[in-house]
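Sequence lines, in order, name chains A and B. Here the first sequence stands for residues 0 to 354, where the numbers follow numbering that gives the first Met the number 0. Here the second sequence stands for residues 0 to 308, where the numbers follow numbering that gives the first Met the number 0. Idealized CB from N, CA, C, for every residue including glycine. For reference, the structure is listed below as C-alpha cells.
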Amino acid sequence: MQLKKFPGLSMHVDVDDFIPATDAEKEYMVQMRPSSTFFKDGLKRLLKNKIATISFFVVVIITLTSIFLPMFWPYSYDQMLGVTPGRPVDPSFNNLAPFTYGTTEQRWIDEGYSVFPHIFGTDSQGRDYFIRVVYGARISLAVGFFASIIVLIIGMTVGSVAGYIGGKVDIVIMRIVDIIYSLPDTLMVILLASVMKVALGDVIDGTILANLGANMISLFFVFALLYWVSMSRLIRGQILSLREQEYVLAAKSAGAKPGWIITKHLIPNCISVVIISTALQIPSAIFTESYLSFLGLGVNAPMPSLGSLASDALNGINSYPSRLVIPAVVISLIVLSLNLFGDGLRDAFDPKLKN
Amino acid sequence: MNSKTLLYILKRIALAVLTVWIVITVTFFVTRAVPGGPFLGEKALSAEAEAALNAKYGLDKPVFEQYTTYLKDIVTRLDFGPSLKNRGRTVMEIISDGMKVSVRLGLIAAACATAIGVVLGAVAALRRNKVVDKIIMVVTTAFVSMPSFIMGTLLLLLFALRLQWVPANGAMEGGLILPVITLALYPTAYITRLTRSSMLDVLGQDYIRTARAKGVSGVKIIFGHALKNSLIPVITYLGPMLAYIVTGSLVVEQIFAVNGIGRAFVGSITDRDYPLIMGTTIVLATLIVVMNLVSDIMYKVVDPRITLE
Numbered sequence: 000m001q002l003k004k005f006p007g008l009s010m011h012v013d014v015d016d017f018i019p020a021t022d023a024e025k026e027y028m029v030q031m032r033p034s035s036t037f038f039k040d041g042l043k044r045l046l047k048n049k050i051a052t053i054s055f056f057v058v059v060i061i062t063l064t065s066i067f068l069p070m071f072w073p074y075s076y077d078q079m080l081g082v083t084p085g086r087p088v089d090p091s092f093n094n095l096a097p098f099t100y101g102t103t104e105q106r107w108i109d110e111g112y113s114v115f116p117h118i119f120g121t122d123s124q125g126r127d128y129f130i131r132v133v134y135g136a137r138i139s140l141a142v143g144f145f146a147s148i149i150v151l152i153i154g155m156t157v158g159s160v161a162g163y164i165g166g167k168v169d170i171v172i173m174r175i176v177d178i179i180y181s182l183p184d185t186l187m188v189i190l191l192a193s194v195m196k197v198a199l200g201d202v203i204d205g206t207i208l209a210n211l212g213a214n215m216i217s218l219f220f221v222f223a224l225l226y227w228v229s230m231s232r233l234i235r236g237q238i239l240s241l242r243e244q245e246y247v248l249a250a251k252s253a254g255a256k257p258g259w260i261i262t263k264h265l266i267p268n269c270i271s272v273v274i275i276s277t278a279l280q281i282p283s284a285i286f287t288e289s290y291l292s293f294l295g296l297g298v299n300a301p302m303p304s305l306g307s308l309a310s311d312a313l314n315g316i317n318s319y320p321s322r323l324v325i326p327a328v329v330i331s332l333i334v335l336s337l338n339l340f341g342d343g344l345r346d347a348f349d350p351k352l353k354n
Numbered sequence: 000m001n002s003k004t005l006l007y008i009l010k011r012i013a014l015a016v017l018t019v020w021i022v023i024t025v026t027f028f029v030t031r032a033v034p035g036g037p038f039l040g041e042k043a044l045s046a047e048a049e050a051a052l053n054a055k056y057g058l059d060k061p062v063f064e065q066y067t068t069y070l071k072d073i074v075t076r077l078d079f080g081p082s083l084k085n086r087g088r089t090v091m092e093i094i095s096d097g098m099k100v101s102v103r104l105g106l107i108a109a110a111c112a113t114a115i116g117v118v119l120g121a122v123a124a125l126r127r128n129k130v131v132d133k134i135i136m137v138v139t140t141a142f143v144s145m146p147s148f149i150m151g152t153l154l155l156l157l158f159a160l161r162l163q164w165v166p167a168n169g170a171m172e173g174g175l176i177l178p179v180i181t182l183a184l185y186p187t188a189y190i191t192r193l194t195r196s197s198m199l200d201v202l203g204q205d206y207i208r209t210a211r212a213k214g215v216s217g218v219k220i221i222f223g224h225a226l227k228n229s230l231i232p233v234i235t236y237l238g239p240m241l242a243y244i245v246t247g248s249l250v251v252e253q254i255f256a257v258n259g260i261g262r263a264f265v266g267s268i269t270d271r272d273y274p275l276i277m278g279t280t281i282v283l284a285t286l287i288v289v290m291n292l293v294s295d296i297m298y299k300v301v302d303p304r305i306t307l308e
C-alpha cells in the first residue's frame with residue numbers, strides 16, 4: 000500500500016485502522032468488574048487511609064479487651080484483696096507497685112504456687128488496678144456508645160419530622176433547637192447531673208435501674224435532653240434538600256405515605272452523614288463523661304470510670320503517679336483514635352469531599 | 000450598618016436575653032426539685048427549725064412567688080441570696096471574689112491562645128506540607144484530643160512535682176503558669192488549625208494572586224493581605240473559646256488549687272450548696288451567652304460579604 004510510506008503525515012488515513020477488530024482484541028477492550036456500591040467505594044477509601052485504619056484497630060482492641068478480659072481475669076474491679084471475711088484487714092495489699100504482691104500472696108509464691116500478677120499494682124484499698132482500668136474503659140466506651148445512640152434516635156426523629164413536614168412544625172421545632180443550642184451545655188449538664196443524682200436516688204431504689212446508679216442514668220438523661228440538637232439540625236438540612244428530589248415526587252405520586260418516604264427514601268440517602276456524626280459524637284460523649292466523673296458527678300463508687308480513676312489518683316499523685324498516668328493515657332488514646340477514625344470516615348463517606 | 004444588620008443584631012440580642020431567662024428558670028426549678036428542698040439537705044430537722052428556715056429563705060411562700068422574687072432580685076440588684084454553707088456570706092460576694100482570680104486567669108489564657116494560635120496557623124499555612132506544617136498539625140491533633148483535666152494533671156505531675164520548676168499551688172508566686180498553659184493548650188491548637196485552613200483558603204483568592212503578580216514579597220502578602228481576612232473565622236471561635244475556658248477552669252482550678260469561681264462552683268456541688276450552685280451557673284452561663292453574642296455580631300459586622308440569614 001502506497002500510503003504506508005508516509006506514516007508521519009496526519010493528512011493520510013491509515014486503512015489498517017478500519018479493519019474490524021478480532022475477537023482477542025474485543026476481549027481486551029471489555030473489562031468486567033463487579034459493580035461497586037457507594038458503601039464499597041467508601042470502604043475502599045477508608046482502608047487506604049492508614050491512620051484511620053490503625054485508629055479503628057486500636058478502638059476495636061480496646062473495646063474487645065474491655066468487654067471480654069474481665070470475664071477471665073482472676074480479680075474483680077471491686078474486690079479488696081486485703082479483705083478476707085473473718086480475718087483482720089491485711090494492709091500489705093494496699094498501694095502495691097506493679098508486679099509486687101501482698102504478704103499472703105508472697106508466701107504462696109515462696110511455697111511454689113503461682114499467683115496472678117498485679118500488672119499495674121493495686122489502689123489504696125487493695126483493688127487490682129489493671130482490672131479497674133479495663134473496667135473503667137468499658138464504662139467510658141459504653142457511655143459514649145449508648146449516649147450517641149440516644150442522641151442519634153432523638154435527633155433523627157425530630158430532625159426528619161421537622162424537615163419533612165416543614166411549615167409551622169418546622170419553625171417551632173427549630174426555635175426550640177436554637178434555644179437549647181444556645182444554652183451553655185456543660186454548665187447545664189453539671190447542674191442537671193448534680194441535682195438528678197440526688198433526686199433520682201430514691202426513685203430508682205430497688206428497681207433494675209439501681210444497678211446502673213443514679214449518676215449514670217442522669218448522665219444519659221442529660222445527653223438525651225441537650226445533645227440531640229446538632230444532630231437534628233444536620234438531619235433536617237439533609238432532608239430539606241432531599242425532599243425536593245424527583246424520586247420523592249415519584250413516590251408521592253405513586254401514593255406513598257410520609258412515614259414510608261422518610262424511612263425508605265430520605266433516611267437511607269442521608270445515612271452516611273448520620274453515621275459520620277454519630278461516630279464523632281462518641282468521643283465527645285466520652286469526653287463529657289470523664290469530665291463529669293472527674294468532678295465527682297459521674298459513675299457511682301466503687302464502679303470505676305477513666306475520669307474517676309484519674310480524679311482518685313490526684314490524692315496520691317506524688318507517691319503513685321502511675322495511677323494517674325495510666326487512665327490518662329488510656330482515655331487520650333480512646334478519644335484520639337475515635338476522633339481520627341471519625342475523620343477518616345468523613346473523608347471516605349462524605350460525598351461532598353469525594354474526589 | 001444597614002437596617003438588615005441592625006435587625007439581625009436585635010434578633011440575636013433577644014435570643015440571648017431569652018436564653019439567660021431560660022437558664023435562670025431551669026436553674027430555679029431544677030434545684031427546687033431536689034427532695035427536701037434545696038436548703039435543707041439530708042439532715043433531719045425538728046419541725047420548728049424547718050419552719051424557721053423556710054420562713055428565713057422564703058420557702059413557705061408559693062413556688063411561683065419564690066420564683067418571681069428570685070428573678071426580681073437578680074435583675075434589679077444582682078442578688079442571689081445568702082450562701083448555705085459559707086455562713087454570713089452572700090452568693091454574690093463569693094462569685095465576685097472568685098471572678099477576680101478567674102477572669103485574670105481566663106483572659107491571660109485566651110490572649111496567649113489567640114496570639115500563639117494565629118502565628119502558628121499562619122506559619123503552618125505558609126509552609127504547607129513541609130516538615131514544620133506536619134509537626135504543627137500532629138501536635139495540635141494530639142492536644143485537641145486530650146481532655147483538660149488529663150493535660151492539667153500531667154503538667155502538674157511533671158513540672159510542679161517532678162521537676163519542681165513551678166509551684167503546684169495556684170495561689171503562690173508563678174503558680175498561675177501551669178493553669179494558664181493547661182487552659183490555653185486546647186484553644187491554641189484549635190485556633191492554629193482554624194487559622195491554617197482559612198489562611199490556605201484566602202491564599203487561593205484572586206487578590207492574592209494579583210499581589211503576587213505585582214511582585215509583593217511573601218511575608219508582606221501573608222501579614223499585609225491574607226492575615227486580616229483569614230482571621231474572620233477565628234472571631235467566630237472567640238465565643239466557644241470562652242465557653243471552653245469557663246468550663247475548663249472548673250477542673251483546672253480544682254487541680255491547681257486556684258481560688259477562683261470554678262473552684263467555688265465545684266465546691267458548691269460537693270457541699271450541695273444550692274444557692275451557690277444556682278448563682279454560679281447563672282453567672283457563668285450569662286457570661287458565655289454574652290460572649291457568644293458578641294462574637295456572632297462581630298463576625299457579621301466585620302465582614303460585609305457575609306449574608307445574613
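Residue-level contact to chain A via CB, residue i, 8 Å cutoff
i, result
"residue 82 of chain B", "no"
"residue 146 of chain B", "yes"
"residue 353 of chain B", "No answer is possible for residue 353 of chain B: it lies beyond the span of chain B, which begins at 0 and ends at 308."
"residue 276 of chain B", "yes"
"residue 242 of chain B", "yes"
"residue 12 of chain B", "no"
"residue 297 of chain B", "no"
"residue 268 of chain B", "yes"
"residue 263 of chain B", "no"
Neighbour flag for residue i against chain B, beta carbons, 8 Å
i, result
"residue 130 of chain A", "no"
"residue 94 of chain A", "no"
"residue 323 of chain A", "yes"
"residue 286 of chain A", "yes"
"residue 340 of chain A", "no"
"residue 226 of chain A", "no"
"residue 122 of chain A", "no"
"residue 62 of chain A", "no"
"residue 183 of chain A", "yes"
"residue 127 of chain A", "no"
Distance between residue j and residue i (C-alpha atoms, nearest Å)
i, j, result
"residue 196 of chain A", "residue 82 of chain B", "21 Å"
"residue 247 of chain A", "residue 253 of chain A", "10 Å"
"residue 30 of chain A", "residue 148 of chain B", "57 Å"
"residue 268 of chain B", "residue 294 of chain A", "9 Å"
"residue 85 of chain B", "residue 104 of chain B", "24 Å"
"residue 256 of chain B", "residue 183 of chain B", "17 Å"
"residue 235 of chain A", "residue 179 of chain A", "16 Å"
"residue 87 of chain A", "residue 81 of chain A", "9 Å"
"residue 229 of chain A", "residue 146 of chain A", "14 Å"
"residue 128 of chain B", "residue 42 of chain A", "26 Å"
"residue 197 of chain B", "residue 215 of chain B", "21 Å"
8 Å contact criterion, which residue i and residue j should meet: CB distance rounded
i, j, result
"residue 337 of chain A", "residue 260 of chain A", "Not confirmed; about 33 Å, so no contact."
"residue 149 of chain A", "residue 55 of chain A", "About 23 Å; that fails the 8 Å criterion."
"residue 90 of chain A", "residue 120 of chain A", "That belief does not hold up - the Cβ atoms of residue 90 of chain A and residue 120 of chain A are roughly 14 Å apart, past 8 Å."
"residue 162 of chain A", "residue 238 of chain A", "3 Å"
"residue 303 of chain A", "residue 134 of chain A", "5 Å"
Residue range of the alpha helix (DSSP H) that includes residue i
i, result
"residue 64 of chain A", "49–71"
"residue 275 of chain B", "273–301"
"residue 369 of chain B", "Absent from the model: residue 369 of chain B. The displayed extent of chain B is 0 to 308, so no value can be given."
"residue 63 of chain B", "62–76"
"residue 290 of chain A", "270–293"
"residue 173 of chain A", "166–181"
"residue 214 of chain A", "213–225"
Closest residue to residue i among the options (Cα-Cα distance)
i, options, result
"residue 160 of chain A", "A/303, A/334, A/272 and A/257", "A/257"
"residue 191 of chain A", "B/283, B/202, B/286 and B/277", "B/277"
"residue 244 of chain B", "B/102, B/271 and B/172", "B/102"
"residue 315 of chain A", "A/93, A/44, A/75 and A/17", "A/93"
"residue 59 of chain A", "A/137, A/235 and A/275", "A/137"
"residue 14 of chain B", "A/174, A/214 and A/341", "A/174"
"residue 74 of chain A", "A/125, A/43, A/321 and A/221", "A/125"
"residue 21 of chain B", "A/308, A/227 and A/183", "A/183"
"residue 122 of chain A", "A/296, A/185 and A/301", "A/301"
"residue 32 of chain B", "B/173, B/273, B/293 and B/281", "B/273"
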